[in-house]
Amino acid sequence: MDAYLEEELYDLLIFCITNSNETEEIRSKKERFFEIGKELYDDGGIDALENMFFTLNNRVEGEINTDASKYKSWWNGISEKWKF
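Going by this note's numbering, the sequence shown opens with residue 14, and the numbers climb by one from there.
Encoded structure:
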């Protein structure tokens, strides 16, 4: 399941990074990103979020040479411990 979620999160991030003018579409992608984060948190807590985002950021950096760190804040609100 994690591999499927990682791939979906990656696709969402890449779309948002490369299509910054598509505000309505980005809003939809951001909502889905949050939903997946909530699923991850419910299943594995903060560690699951940290591990998944670490993997995502490494892929984004390696494949399109962009830092995805600013998108970490999209999971704010899932837990009081996650504040970016």
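We put the CB at the ideal spot given by N, CA and C, even for glycine.
Exercise for the section: Please say whether I49 and K94 have beta carbons closer to each other than 8 angstroms? Expected result: Locating residue 94 in the sequence shown gives position 81, where the first residue counts as 1. Locating residue 49 in the sequence shown gives position 36, where the first residue counts as 1. No, Cβ-Cβ distance for K94 and I49 is not below 8 angstroms.
Practice task
Output the boundary residues of the alpha helix (DSSP H) element that contains N64.
Solution key: Taking the first residue of the sequence shown as position 1, residue 64 is located at position 51. Run containing N64: 36-77, per the alpha helix (DSSP H) assignment.
Practice task
Flag this pair as yes or no: are the beta carbons of K42 and L53 separated by less than 8 angstroms?
Solution key: For the purposes of this step, residue 42 is identified with residue 29 of the sequence shown, where counting begins at 1. For the purposes of this step, residue 53 is identified with residue 40 of the sequence shown, where counting begins at 1. Not a contact, by the Cβ cut-off of 8 angstroms.
Practice task
Please list, in chain order, all residues of the same chain as K85 whose beta carbon is under 7 angstroms from its beta carbon, the five residues on each side excluded.
Solution key: On the sequence shown, position 72 is the one that residue 85 refers to. Excluding positions up to five away in sequence, the list reads F66, F97.
Problem - Distance between E37 and E19 (C-alpha atoms, nearest Å) - result: On the sequence shown, residue 19 is found 6 positions in, with the first residue counted as 1. On the sequence shown, residue 37 is found 24 positions in, with the first residue counted as 1. Cα-Cα distance, rounded: 23 angstroms.
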